[in-house]
Amino acid sequence: MKTILKTDITVKDICEGFVYNELEGKGLFGLFGKLTIQPEYQRNYIYAEGDGKREMAVIESILKGYPIGLIYFNKISDNSLEVLDGQQRITSVGRFITDKFAIKDENGMPQIFSNMAKDKKDKILETKLLIYECEGTESQIKEWFKTINIAGVPLVPQELLNAIYSGPFVTLGKEEFSNSQNANIQKWSVYIKGSANRQAFFERALDWVSNGNIDDYMSRHRNDKNINELKKYFNSVIDWISSVFTDVESEMCGLEWGRLYEQYHKKSYDPKKVSAEVRKLYSDPYIKNRKGIFEFILGGSVDTKLLEVRIFDEAIKKAIYATQTAKAKKKSESNCSHCAIGHDANKEKIWSLSEMDADHVSAWSKGGTTSAKNCQMLCKTHNRAKGNR
Ligand SMILES: [Zn+2]
């Protein structure tokens, strides 16, 4: 998704062509007709509800020079925008400018826009808004909108779900997982990223027990009077990780432990051996992705792709190619050693550099280094066939 910050659009611009539909309770258009204020998925205008204090507060903020916060537009095309977040504030401004409601003046008297002093009118009209114009697919926009909206208070997805499925289950879940005083948080934080009050642990617990279907799980358990299953599953995962991996490494934080638990918890591991292997891999300078070490070990230390072992650099490849090719030409055989011992048409083929790949003579997984003396060039087919980097 692409976003551009606009700082030059004024209240006056936004209110050009403002239309408010009393019947539907919706602010419809603005910004010279380019802006749709109330897209389908937005809720209705609610700031006028009750005593209308909220819509008055928007105008009072502007008059005092207070920021009214970020506004987000979704750019549909060059001539068409819609409000993603900020429609309540924009509608408040538009309704005020068109005399749909009054604010109280210094003496507590109601005052509509058209009766205000010119300097106050200008102050409102010339106020510049902070607007992010976003461009993206509908699903990107909606997904992201889900996380920022609800009366302008930014929500993380789990907070939104807590609001949607509020009830005894959520209350109990938050008591356990969203309480920053819970003594277990320090332990959980080794494996889970985020903070209790932003619902990181509650979200992870739900994600693990539901196999990624949090929405569904919350809706099914909404009225439960206990969270036993949730707690039991969560603690099983945490206990499993800490009993297999006795070391604490920063790269453990935020891994997909729920998936790893499902995949590997039925296998047995010797924590002492695991620890020794973790130490060995941590000290290996050829491993680029330390986050992959844990899954690598769980899977029996075979899937080296997880570790992103460093590959040979271009200078080494060129040098090895040159010596290998010179030797091969003298002997009238292929510069790929595997082709040279074969019986097909490629027996004497001289491959170009771009047709070959570097290979560890002695595989990395068997202690081979990523240095020139352990490098050979093979044609792409043979390199792929060897496979073991
Ligand atoms: Zn070959």
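Positions 1 to 389 (UniProt numbering) are the ones given, in order, by the sequence shown.
In this text, a Cβ means the ideal position worked out from N, Cα and C, and glycines have one as well.
Because the structure is a prediction, the values reported are computed rather than measured.
Checklist line | CA-to-CA distance, TYR132 to THR3, given in whole angstroms | finding: What you label residue 3 is simply residue 3 of the sequence shown in a count that begins at 1. What you label residue 132 is simply residue 132 of the sequence shown in a count that begins at 1. If I take the Cα positions, the gap works out to 6 angstroms.
Checklist line | Runs of alpha helix (DSSP H) lying entirely within the region 229-269, each at least 4 residues, in chain order | finding: 257-264
Next item on the list: For SER362, count neighbouring Cβ atoms within 10 angstroms of its own Cβ and tell me buried if that reaches 16, exposed if not.
Entry: Stepping through the sequence shown from its first residue, residue 362 is reached at position 362. Its Cβ having fewer than 16 others within 10 Å, SER362 is exposed.
Next item on the list: Please report the residue range of the beta strand (DSSP E) in which ASP99 lies.
Entry: Your numbering for residue 99 matches position 99 in the sequence shown. It is not in any beta strand (DSSP E) - ASP99 carries neither H nor E in the DSSP assignment.
Notebook entry, point to check: For THR381, is the beta carbon positioned less than 7 angstroms from some heavy atom of ligand 1?
Noted result: The residue labelled residue 381 in the question sits at position 381 within the sequence shown. Yes, the beta carbon of THR381 sits closer than 7 angstroms to at least one heavy atom of ligand 1.
Next item on the list: Put LEU28 into one of helix, strand or coil per three-state DSSP.
Entry: Translated into positions along the sequence shown, residue 28 becomes position 28. Here LEU28 sits in strand by DSSP.
Notebook entry, point to check: In whole angstroms, what separates the C-alpha of GLU16 from that of VAL248?
Noted result: By 1-based counting over the sequence shown, the position of residue 16 is 16. By 1-based counting over the sequence shown, the position of residue 248 is 248. Looking at the two C-alpha atoms, the distance is approximately 60 angstroms.
Note to self: Going by beta-carbon coordinates alone, are PHE96 and PHE73 separated by less than 8 angstroms?
What the structure shows: For the purposes of this step, residue 96 is identified with residue 96 of the sequence shown, where counting begins at 1. For the purposes of this step, residue 73 is identified with residue 73 of the sequence shown, where counting begins at 1. Taking 8 angstroms as the Cβ cut-off, PHE96 and PHE73 do not qualify as a contacting pair.
Notebook entry, point to check: Quick one: Cα of GLY152 to Cα of LEU5, how far?
Noted result: In the sequence shown, residue 152 corresponds to position 152, counting from 1. In the sequence shown, residue 5 corresponds to position 5, counting from 1. Below a pLDDT of 50, predicted positions are generally treated as unreliable, and GLY152, at 48, falls in that range; the measurement from the model is reported next regardless. Between GLY152 and LEU5, the C-alpha separation is close to 17 angstroms.
Notebook entry, point to check: Is any beta-carbon of chain D found at less than 8 angstroms from that of ASP8?
Noted result: Checking the listed chains, one finds no chain D in this structure; it contains a single protein chain.
Margin query: Measuring straight from C-alpha to C-alpha, what distance separates SER301 and LEU281?
Written below: On the sequence shown, residue 301 is found 301 positions in, with the first residue counted as 1. On the sequence shown, residue 281 is found 281 positions in, with the first residue counted as 1. If I take the Cα positions, the gap works out to 10 angstroms.
Item checked: From GLU82, PRO110, PHE32, PHE29, residue whose alpha carbon lies closest to that of MET56 -> In the sequence shown, counting from the first residue as 1, residue 56 sits at position 56. Comparing Cα positions, the closest option is PRO110.
Margin query: What would DSSP say about ILE150, mapped onto helix, strand or coil?
Written below: As a first step, residue 150 is located in the sequence shown; it is residue number 150 there, counting from the start. Note that ILE150 scores a pLDDT of 46, beneath 50, so its modelled location is shaky; the value from the coordinates is reported in the next line. It is coil, neither helix nor strand.
Next item on the list: Count the other C-beta atoms from every protein chain shown that fall within 10 angstroms of the C-beta of TYR66, then say buried if there are 16 or more, exposed otherwise.
Entry: Working through the sequence shown from its first residue, we reach residue 66 at position 66. With fewer than 16 other Cβ atoms within 10 Å, it is exposed.
Next item on the list: Note the first and the last residue of the continuous beta strand (DSSP E) segment covering CYS375.
Entry: As a first step, residue 375 is located in the sequence shown; it is residue number 375 there, counting from the start. Run containing CYS375: 375-379, per the beta strand (DSSP E) assignment.
Next item on the list: Determine, using beta carbons only, whether TYR261 and VAL278 come nearer to each other than 8 angstroms.
Entry: Translated into positions along the sequence shown, residue 261 becomes position 261. Translated into positions along the sequence shown, residue 278 becomes position 278. Cβ atoms of TYR261 and VAL278: not closer than 8 angstroms.
Notebook entry, point to check: Under the three-state reduction of DSSP, which class applies to PHE73: helix, strand or coil?
Noted result: Your numbering for residue 73 matches position 73 in the sequence shown. Residue state, collapsed to three classes: strand.
Note to self: Measuring straight from C-alpha to C-alpha, what distance separates LYS266 and LEU298?
What the structure shows: Along the sequence shown, one-based indexing puts residue 266 at 266. Along the sequence shown, one-based indexing puts residue 298 at 298. In a straight line, the C-alpha of LYS266 is about 11 angstroms away from that of LEU298.
Note to self: Taking the straight line between their C-alpha atoms, what separation do you get for TYR41 and TYR191?
What the structure shows: Against the sequence shown, residue 41 aligns to sequence position 41. Against the sequence shown, residue 191 aligns to sequence position 191. Note that TYR41 scores a pLDDT of 49, beneath 50, so its modelled location is shaky and nothing firm can be said.
Item checked: Inter-residue spacing [alpha-carbon to alpha-carbon] between LEU378 and ASP359 -> Numbered from 1 along the sequence shown, position 378 holds the residue referred to as residue 378. Numbered from 1 along the sequence shown, position 359 holds the residue referred to as residue 359. Roughly 7 angstroms between the two C-alpha positions.
Note to self: Please identify the residue among LYS273, TRP240, SER178 whose C-alpha is closest to the C-alpha of ARG259.
What the structure shows: As a working mapping, residue 259 is identified with position 259 in the sequence shown. That would be TRP240, whose Cα lies nearest to the Cα of ARG259.
Notebook entry, point to check: In the structure shown, what three-state DSSP assignment does ALA358 receive?
Noted result: As a working note, residue 358 is residue 358 in the sequence shown. Three-state DSSP puts ALA358 in a strand.
Item checked: First and last residue of the uninterrupted alpha helix (DSSP H) at CYS336 -> As a first step, residue 336 must be located in the sequence shown, where it is residue number 336. Premise fails: CYS336 is in no alpha helix (DSSP H) and is neither H nor E.
Margin query: Report the CB separation of VAL170 from ASN162 in whole angstroms; it is logged as a contact under 8 angstroms.
Written below: For this step, residue 170 is matched to residue 170 along the sequence shown. For this step, residue 162 is matched to residue 162 along the sequence shown. Going by Cβ atoms, the distance from VAL170 to ASN162 rounds to 5 angstroms, so yes, they are a contact pair.
Next item on the list: Could you tell me if HIS343 is buried or exposed, where buried requires 16 or more neighbouring beta carbons within 10 angstroms of its beta carbon?
Entry: On the sequence shown, residue 343 is found 343 positions in, with the first residue counted as 1. Label assigned to HIS343: exposed.
Notebook entry, point to check: Roughly how many angstroms lie between the CA atoms of LYS331 and LEU353, to the nearest whole one?
Noted result: Translated into positions along the sequence shown, residue 331 becomes position 331. Translated into positions along the sequence shown, residue 353 becomes position 353. Going by the C-alpha atoms only, they are around 19 angstroms apart.
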